[in-house]
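Working notes, structure below.
Number of protein chains: 2
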Amino acid sequence: MYALAIHGGAGVPPKDKMTAEEQAALLAALARCLEVGETILRDGGTALDAATRAVCELEDEPLFNAGRGAVFNANGEHEMDAAVMQGQDRRAGAVAGIFGPRNPVQVARAVLEQTDQVFLIGPNALDVARSAGVPFEGKDYFFTQKRWDMLQETMKLRKVGQESDDPARRHGTVGAVALDLYGNLSAATSTGGMTAKAPGRVGDTPCIGAGTFADNETCAVSATGYGEIFLQRTAAYEIAARMKYAKQDLIPAATYVVQKDLAPRGGSGGVIAVDRLGNIATPFNCNGMYRATVREGGIPSVAVY
Amino acid sequence: MYALAIHGGAGVPPKDKMTAEEQAALLAALARCLEVGETILRDGGTALDAATRAVCELEDEPLFNAGRGAVFNANGEHEMDAAVMQGQDRRAGAVAGIFGPRNPVQVARAVLEQTDQVFLIGPNALDVARSAGVPFEGKDYFFTQKRWDMLQETMKLRKVGQESDDPARRHGTVGAVALDLYGNLSAATSTGGMTAKAPGRVGDTPCIGAGTFADNETCAVSATGYGEIFLQRTAAYEIAARMKYAKQDLIPAATYVVQKDLAPRGGSGGVIAVDRLGNIATPFNCNGMYRATVREGGIPSVAVY
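Heads up: the protein sequence lines correspond to chains R and A, in order. In terms of my numbering, the first sequence has 229 at position 229, counting the first letter as 1, and numbering is strictly consecutive. In terms of my numbering, the second sequence has 1302 at position 302, counting the first letter as 1, and numbering is strictly consecutive.
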């Protein structure tokens, strides 16, 4: 049995503000990214490979807030965070605040596989990326007009003491969780953060147990949402702890954390999670979450609302 | 009831390598730092104040690896991480990789109290420190000959493919956990990291749920040890999860995590933890941990081995 779930972020534009064309483009992109990951699992690849590759595809797609298409911080710059974790031994790799590597998730993976560290920031994270042969890109590659316009609008609102109420501006992250044919779980997450975020702000994405988590004993989780609350609630690990100690199943555990733990505290967003039986949970507490799921022998499912 | 525990790091020199004079100086420093925190609690101050102030004292003391006396990274520089968390609402503040502020824990506190973020890195973390009026110091202030010599020795060993077997070189962190008269818990942790660490390496200290955690429902925890393993195991929150979901008491929960979860995986180190009843746990799985504890009406206890 293999299983794969991916997300392109929670908090989406209202239905009436998305054209049928836009929605079709998003669904097609999700289906394509899912297919890349599923092919790896079907061919006997590892959960870590499938999750990493699916996230690379999501990063390469400018529709989503990670890699190409990442949002701008308050200084008009990109600062990206990413993490990967494998469930068989809970080894993990994470980076925060990086700019340059085309696929931040590949840098997180290089930290996992090629260093003794778990979490790297600053120039050394980029050195690790270079040593690992991760391709770099310039500002032009990462620039998208849509994100730039979002930043200008957000800054204009902020000047008059307002914050945008568009949740899609608040968060937006991509991620994947996978179960492979060998029974191993893995999670990968990557983000540009929040539009107009404070420079140097680190969200939940690269923090193991908050935005990214994997343990064969319980589940693999990738989160997307208002990162500060996810950090305070150790959101991803909370789901695993409920499974491990309260003997809850994946879907009720993930649903509880998203709806009862995060939502009442302003932690808008969602998670994707998979357990070793191939169960998949995709709860969210806002108007939508770009997501796609597939299980061995099943038909891929793609959804926004 | 109030209660306070502090640590000056796990992994200490072997007994026969510490003179009676050195040991006396360490015990006196711990007693002094504990007293600073206890005075705040006795006078009706908050757990957050007591934990923060106790950690400031530990940072100011060059005997411990945080603030003044922080170890050097592989580039011969200081990069400091710190975090604080309060149990009543789980709000937290954290910084990583900073240099300049005399008391990194005060910067973490400023992130908690004066920003909308939880975790900041880079120049903006220093801007927040300046805005909060946190004093800055130069390289001379943070330099200690002992840490410099440790770096040279470690680098010399590394050149011939060896790593130092002195656990005190591997880790060293300071922290405090407190219960105040209002029933609130708080935790604070600060570190210079590992001697000769890779530049940009972030350990467990600033990661909420790994090295620092507080929740009135369960406990406050400050960890010290081989940070990568503590990150993988979400060590601090694991203790809270055992209390919350497996209904374990603080001391067995903390002891299990340190002895059975971390130790077998190479996660040498320890934690200090306090619950809302004022129970205190100080388990460690290496040869010693600088620590001191006190409960309302009790006699302070200070120990190394």
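Virtual Cβ for every residue (Gly too), placed ideally from N, Cα, C.
Buried or exposed for residue i, please, with buried defined as at least 16 other CB atoms from any protein chain shown within 10 angstroms of its CB.
{"i": "K244(R)", "result": "buried"}
{"i": "I299(R)", "result": "exposed"}
{"i": "K17(R)", "result": "exposed"}
{"i": "V160(R)", "result": "exposed"}
{"i": "P1283(A)", "result": "buried"}
{"i": "K1197(A)", "result": "buried"}
{"i": "G1133(A)", "result": "exposed"}
{"i": "A1028(A)", "result": "exposed"}
{"i": "T1019(A)", "result": "exposed"}
{"i": "E1238(A)", "result": "buried"}
{"i": "E1059(A)", "result": "buried"}
{"i": "T39(R)", "result": "exposed"}
{"i": "Y1002(A)", "result": "buried"}
{"i": "F136(R)", "result": "exposed"}
{"i": "D1140(A)", "result": "exposed"}
{"i": "S368(R)", "result": "The question about residue 368(R) has no answer here: the residues shown for chain R are numbered 1 through 305."}
{"i": "G1297(A)", "result": "exposed"}
{"i": "A1303(A)", "result": "exposed"}
{"i": "D149(R)", "result": "exposed"}
{"i": "E22(R)", "result": "exposed"}
{"i": "Q1162(A)", "result": "exposed"}
{"i": "D43(R)", "result": "exposed"}
Mind checking whether residue i and residue j have CB atoms under 8 Å apart?
{"i": "A308(R)", "j": "A292(R)", "result": "Past the boundaries of the shown model lies residue 308(R); chain R is included only from 1 to 305, so the question cannot be answered."}
{"i": "G1100(A)", "j": "I1121(A)", "result": "no"}
{"i": "A1092(A)", "j": "M1080(A)", "result": "no"}
{"i": "M289(R)", "j": "G266(R)", "result": "no"}
{"i": "R158(R)", "j": "F72(R)", "result": "no"}
{"i": "T46(R)", "j": "G1209(A)", "result": "no"}
{"i": "L250(R)", "j": "D275(R)", "result": "yes"}
{"i": "Y226(R)", "j": "R242(R)", "result": "no"}
{"i": "V1118(A)", "j": "V1111(A)", "result": "yes"}
{"i": "G1193(A)", "j": "R1201(A)", "result": "yes"}
{"i": "A1025(A)", "j": "T1205(A)", "result": "no"}
{"i": "A10(R)", "j": "T224(R)", "result": "yes"}
{"i": "A1281(A)", "j": "A1240(A)", "result": "no"}
{"i": "N1184(A)", "j": "G1037(A)", "result": "no"}
{"i": "T115(R)", "j": "V128(R)", "result": "yes"}
Is residue i helix, strand or coil when you go by DSSP?
{"i": "R291(R)", "result": "strand"}
{"i": "T1039(A)", "result": "helix"}
{"i": "F136(R)", "result": "strand"}
{"i": "Q1086(A)", "result": "strand"}
{"i": "G1193(A)", "result": "coil"}
{"i": "G227(R)", "result": "helix"}
{"i": "V1128(A)", "result": "helix"}
{"i": "F1099(A)", "result": "coil"}
{"i": "C1207(A)", "result": "coil"}
{"i": "F1142(A)", "result": "helix"}
{"i": "C1056(A)", "result": "helix"}
{"i": "M150(R)", "result": "helix"}
{"i": "R68(R)", "result": "coil"}
{"i": "M1243(A)", "result": "helix"}
{"i": "V1160(A)", "result": "coil"}
{"i": "I1251(A)", "result": "helix"}
{"i": "R1201(A)", "result": "strand"}
Select from the options the residue whose C-alpha is nearest the C-alpha of residue i.
{"i": "C1056(A)", "options": "T1115(A), A1070(A) and G1076(A)", "result": "A1070(A)"}
{"i": "E217(R)", "options": "R90(R), Q106(R) and F142(R)", "result": "R90(R)"}
{"i": "V105(R)", "options": "N184(R), A241(R), E77(R) and S190(R)", "result": "S190(R)"}
{"i": "L1004(A)", "options": "R1295(A), V1304(A), E1021(A) and V1302(A)", "result": "R1295(A)"}
{"i": "G1278(A)", "options": "S1186(A), P1264(A) and T1255(A)", "result": "S1186(A)"}
{"i": "A51(R)", "options": "K260(R), G175(R) and L262(R)", "result": "G175(R)"}
{"i": "F142(R)", "options": "A178(R), G200(R), G76(R) and P199(R)", "result": "G76(R)"}
{"i": "L945(A)", "options": "L1048(A), K1247(A), A1082(A) and A1110(A)", "result": "No answer is possible for residue 945(A): the residues shown for chain A start at 1001 and end at 1305."}
{"i": "R32(R)", "options": "E21(R), P13(R), G8(R) and D43(R)", "result": "G8(R)"}
{"i": "M85(R)", "options": "A240(R), V177(R) and K139(R)", "result": "V177(R)"}
{"i": "N287(R)", "options": "S268(R), V302(R), A236(R) and I6(R)", "result": "S268(R)"}
{"i": "L63(R)", "options": "L151(R), F230(R), Q145(R) and P199(R)", "result": "Q145(R)"}
{"i": "R1068(A)", "options": "L1151(A), A1125(A), L1030(A) and G1138(A)", "result": "G1138(A)"}
{"i": "L1151(A)", "options": "Q1232(A), Q1248(A) and T1195(A)", "result": "T1195(A)"}
{"i": "K1156(A)", "options": "E1061(A), A1074(A), G1203(A) and A1236(A)", "result": "A1074(A)"}
Anything in the stretch 123 to 136 of chain R with a Cβ closer than 8 Å to a Cβ of chain A? List those residues in chain order, please.
Within the stretch 123 to 136 of chain R, the residues whose Cβ lies closer than 8 Å to any Cβ of chain A are, in chain order, P123, N124 and A125.
Short-range partners of chain A found in the stretch 182 to 210 of chain R, where Cβ spacing is below 7 Å
Within the stretch 182 to 210 of chain R, the qualifying residues are A198, P199, G200, R201, V202, C207, I208, G209 and A210.
Could you list the residues in the stretch 1234 to 1246 of chain A with a C-beta less than 7 Å from some C-beta on chain R, going in chain order?
Result list: T1234, Y1237, A1241, R1242, Y1245 and A1246.
Between the stretch 1136 to 1159 of chain A and chain R, which residues of the former have CB atoms less than 7 Å from a CB of the latter, in chain order?
Of all residues in the stretch 1136 to 1159 of chain A, none has a Cβ within less than 7 Å of some Cβ in chain R.
The stretch 81 to 111 of chain R: which residues have C-beta closer than 7 Å to a C-beta of chain A, in chain order?
Listed in sequence order: R90, R91, A92, A96 and G97.
Report the residues of the stretch 1034 to 1067 of chain A with a CB closer than 7 Å to any CB of chain R, ordered along the chain.
Sequence-ordered contacts of the stretch 1034 to 1067 of chain A with chain R are nonexistent [C-beta pairs closer than 7 Å].
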